[in-house]
Structures are given as structure tokens and as C-alpha cells.
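End of the sequence shown = 262 in my numbering, gap-free, step of one. C-beta: ideal position from N, C-alpha, C; glycine also.
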Amino acid sequence: MNEKIFRMLPIDSIQPDPYQPRKVFNDREIKKLADSILSVGVIQPLTVSYAGAGNYRIIAGERRYRACVAAGLSSIPCLVVTASEEDSAIMTVTENLQRRDLNCFEQAHGILALIKGLNLTQEEVASRLGISQSAVANKLRLLKIPLDIQDYLIKNHVGERQARALLSLDPSEYGAVARYMVENKMNSSGTEEFVTRYLKSKKKKSRGAKMKGYCGDVRLYINSLNQTLGMMKSSGVASESRKEEFDDKVVYTFVINKAIS
Numbered sequence: 002m003n004e005k006i007f008r009m010l011p012i013d014s015i016q017p018d019p020y021q022p023r024k025v026f027n028d029r030e031i032k033k034l035a036d037s038i039l040s041v042g043v044i045q046p047l048t049v050s051y052a053g054a055g056n057y058r059i060i061a062g063e064r065r066y067r068a069c070v071a072a073g074l075s076s077i078p079c080l081v082v083t084a085s086e087e088d089s090a091i092m093t094v095t096e097n098l099q100r101r102d103l104n105c106f107e108q109a110h111g112i113l114a115l116i117k118g119l120n121l122t123q124e125e126v127a128s129r130l131g132i133s134q135s136a137v138a139n140k141l142r143l144l145k146i147p148l149d150i151q152d153y154l155i156k157n158h159v160g161e162r163q164a165r166a167l168l169s170l171d172p173s174e175y176g177a178v179a180r181y182m183v184e185n186k187m188n189s190s191g192t193e194e195f196v197t198r199y200l201k202s203k204k205k206k207s208r209g210a211k212m213k214g215y216c217g218d219v220r221l222y223i224n225s226l227n228q229t230l231g232m233m234k235s236s237g238v239a240s241e242s243r244k245e246e247f248d249d250k251v252v253y254t255f256v257i258n259k260a261i262s
């Protein structure tokens, strides 16, 4: 895998790697790069591996490849490395994970593609990519967010920390909170604080609703006891009641004399 050979390869023999995590390429930037290539040539060769049948798979440089296609070039300078399909896929994802402009969802989809396509475990992928297993798990958790909301977050340049904050919510709340977060231009810490406050408020309301229902039920029983007590008094049975309220309970004491008045 360390051997590299420089070659000019026919553009038709080069194909993108199916494990390429980047799914969005800016057409305007591709056009600018194509104009630059027409003016000064390809400054940095693509890195490719042999895919069989005279074809080569891109490891690094798909953006340059697309610009060369747009520029109408018939051949591209390439560094050909010896690599298996698995090694090629790992190198493609690793190279892209190290790019700052690759969004967190593209990273997550790239990792998932490795796991499924190469039948690897999270631990194996983490080891091959040189990152922690927890980092892999956190990336993959982002894929619980529906695709339409992922697209919305990507379009509005929402970062990984903010996207992860949504995962604390009920899935039915993702869309509304995502829109609120974007419309109010929240940063990462602001989003996390908002979600924390929202969850506390939601929990408090839920607790209040349960207590309200509970108190309503208790009042029914107390009313029944008071009615019974009244019947006893009207029948000549001397009785009385006392009520004490505490933070977590209400204590009723009923005193019934044995002697009939």
C-alpha cells in the first residue's frame, strides 16, 4: 500500500469511490476550479487505486476529478497506490474525515457505509480510522435524525454539537426545535442550554399534571370520608377530624368517641 506510481490516466477510466462520504459538491466552486485547471493545469494529482478491468477508484481528489470533467480534460495526473478495496475505502473516508468542511452527517454516512459495505464492527472501523469507538458511536447516533431534518441542518450550517442536542428530545420535536434554533441563530452552547431548559420545563409540567390528577382523586375520597363523618354525627356519634398539610403529603386524623352522645 506504500508503493505509489505517477501516471496520466484516461478520465474515462477513473471512477468515484462508492464509500466517498461527501455527497454535496458546490457547483460554483467546481466551475472556479475547472477554470483554474484550464489556466494553470492540475497542480495536485489525484490519488487512486486500481479497481480492475482497466479502471481506477478515487481515494483522494474527487473535487479535482469533477473539475477536470467540467474542464473537458481527456486525462488526469494521478498517483496510483496499491490497495485492497477495504484499504481504499478506509483511506477515502479517513482523508475526507480530516477535512474541516465535511459536515457531520456526511461523516456519519461515510462511517455507516464502511460498516455495512465491508462488514466491520464499530470497534474495527474506529481502529482503522484512528478515532475512538465512542466518537464513531456519537457520529452514528446522528443518523437517527430524519433525512429531511438533516438536510435542513446542513443547509443552515448547523454543527455536530447542536445536532446532537436534538437527540435528547422526542423525535416528533426535532423539526420544531431545529427551526427555532436556526431562526434564533443559536450557537452550540445556547442550543444545549435551551434544550436542557425545555426538558426541565416539560418534566415539571408532566409532574404537575400527574399531581393534579392525583389530588383530584384524593379529594373524592376525602369528601366521602367527610360525608360519612357527617352521617355519624347526625346519628349521635361524637366525632371530629383534623387536617395537616406537608410538602409531600396531607394527613387527616379522624377521632370517633366510643360513647354515643
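CB-CB length for V196 against L154, believed under 8 Å: About 14 Å separates the two Cβ atoms, so there is no contact after all.
Given 8 Å as the limit, is there contact between the stretch 32-41 and the stretch 67-76, that is, 3 or more CB pairs closer than that? yes
Looking at the secondary structure, which residues open and close the alpha helix (DSSP H) in which N139 lies? 134-142
Beta-carbon separation (whole angstroms), Y57 vs V81, contact threshold 8 Å: 7 Å
On the CB-based measure, 16 or more other CB atoms within 10 Å of its CB, does Y215 come out buried or exposed? Only weak support exists for where Y215 lies, its pLDDT of 47 falling under 50; the value from the coordinates is given anyway. That one is exposed.
Return the chain-ordered list of same chain residues with a C-beta closer than 8 Å to the C-beta of I31, the five sequence neighbours on each side being excluded. R64, R67, A68, A71
Grouping DSSP H, G and I as helix and E and B as strand, with all else coil, what is T254? strand
Taking the beta carbon of Q1 as the centre, do at least 16 other beta carbons fall within 10 Å, making it buried, or is it exposed? The first residue shown for the chain is 2 and the last is 262, placing residue 1 beyond what the model contains.
Is the beta carbon of I77 less than 8 Å from the beta carbon of I116? no
On a Cα-Cα basis, can you pick out the residue from T122, L168, K145 that is closest to Q134? T122
Leaving out five residues before and five after F255 in sequence, what residues of the same chain have Cβ atoms less than 6 Å from its Cβ? S242
Specify, as a first and last residue, the run of the beta strand (DSSP E) that I77 falls within. 76-82
Beta-carbon proximity list for G176, same chain, < 6 Å, skipping 5 on both sides: I150
I believe T95 touches L144 by the beta-carbon criterion, under 8 Å. Please report the beta-carbon distance rounded to the nearest angstrom. Actually they do not touch by this definition, with Cβ atoms about 19 Å apart.
Starting from G53, follow its DSSP beta bridges and name the residues at the other end. N56
Should N104 go down as buried or exposed, given a rule of 16 or more other Cβ atoms within 10 Å for buried? buried
Residue interval of the beta strand (DSSP E) (run including R8): 5-11
Measure the alpha-carbon distance for A90 versus Y20 and round it to whole angstroms. 6 Å
When the Cα atoms are used, what is the spatial distance from A136 to R165? 12 Å
Starting from E63, trace the alpha helix (DSSP H) both ways and give me its first and last residue. 63-72
If you measure between the beta carbons of L47 and A35, is that distance less than 8 Å? no
Using a 10 Å radius around the Cβ and a threshold of 16 neighbouring Cβ atoms, would you call I146 buried or exposed? buried
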